Structures are given as C-alpha cells and as structure tokens.
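Notes to accompany the following structure.
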C-alpha cells in the first residue's frame with residue numbers, strides 16, 4: 001500500500017506529512033494479520049532537507065506519536081517489530097559553526113527489535129543484517145548469500 005505525501009511545495013509546510021494515515025494503515029494491516037509489513041515514515045528525512053528545525057521537531061513528534069500507537073497495538077497482537085533507518089537527516093541540522101545542514105547524515109543508525117523471545121542483539125552489525133533478521137523472526141531459512149541475523153539469542 002502506498003500512502004501519498006501531502007501535495008505541498010516543501011514539507012516544512014506540513015511536517016506531519018501523512019504520518020497519521022500511515023500509522024492507521026499499519027495498525028489495520030497488523031489487525032489483518034499480514035505476515036510482513038514494511039513501513040517508511042519519510043517525515044524526518046523530507047522535512048530535514050528543508051533545514052527548518054522547528055518543522056523537523058514537529059515531524060519527529062508526529063512519527064513518534066504514530067510509532068507509539070503502532071508499538072502498543074503490536075504488543076497486544078503479539079506482532080514483532082523492527083525499527084531502523086537507512087540513514088539519518090534531521091538529527092543533525094546545524095554544524096558547529098551554525099551552518100544549516102540539509103543532507104543525509106552518514107553515522108550509524110539504530111536498530112530496535114521488539115519480538116517475543118528476543119532479548120539480545122549482536123553488536124557492530126549493519127543494514128546488511130536487517131533482512132536476515134526479518135527472516136529469522138519469521139522462521140524462514142535465509143539464503144547462504146545473506147549475512148547473519150542480528151538476533152543474539
């Protein structure tokens with residue numbers, strides 16, 4: 001399912017974007033017991049590109065609110081959740097000299113796994129470990145070409 005972003009000139013004009021609609025769609029998909037749901041909350045990235053810090057705060061708050069609702073709903077349905085990103089943006093919007101930064105950041109991103117029976121993740125892994133982790137949680141054997149799962153059992 002694709003939920004369109006609002007039709008605005010720049011996303012700082014509507015930093016909440018479509019977060020509420022995305023959150024509702026995810027909760028509906030969990031309720032329908034989909035085996036796998038991939039979600040992209042684009043708010044932090046797209047609003048971060050504008051360089052508008054106040055709008056970025058609103059964007060992150062909108063996503064935070066929806067993730068909270070998704071996590072609460074997922075827990076009640078015993079649904080596994082992985083939260084990660086492929087890059088940063090709005091977590092660093094100004095350099096030490098006060099210049100506005102609007103590009104993707106290149107630092108490591110966090111990965112959270114909330115799933116029954118999983119209490120430990122391996123350290124020093126990367127995005128290449130996300131797909132194997134998803135397969136591991138789903139009980140699907142990963143292809144030999146893939147790297148290891150993050151799950152440390």
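Numbering (our numbering), first residue to last: 1 to 153. Ideal placement from N, C-alpha and C gives every residue a C-beta, glycine not left out. Please read all numbers here as calculations on a predicted model, not as lab measurements.
Counting only unbroken stretches of 4 or more residues, the alpha helix (DSSP H) elements lying wholly within the segment 89-152 are 130-138, in sequence order. In the displayed model, residue 81 falls within a strand according to three-state DSSP.
Note on residue 112: under 16 other CB atoms within 10 angstroms of its CB, so exposed under the neighbour-count rule. Residue nearest to residue 115 within the set 136, 105, 56 and 95 is 136 (criterion: CA-CA distance). By the Cβ neighbour-count rule, residue 145 is exposed, with fewer than 16 other Cβ atoms within 10 Å of its own.
Close CB contacts of residue 77 within its chain, under the 6 Å cut and outside five residues either way in sequence, are with 30 (chain order).
Collapsing the DSSP output to three states places residue 31 in a helix. For residue 55, the enclosing alpha helix (DSSP H) has its first and last residue at 53-76.
In this structure, residue 51 places its C-beta atom within 7 Å of the C-beta atom of residue 100. Under the DSSP assignment, residue 39 falls outside any alpha helix (DSSP H); it carries neither an H nor an E label.
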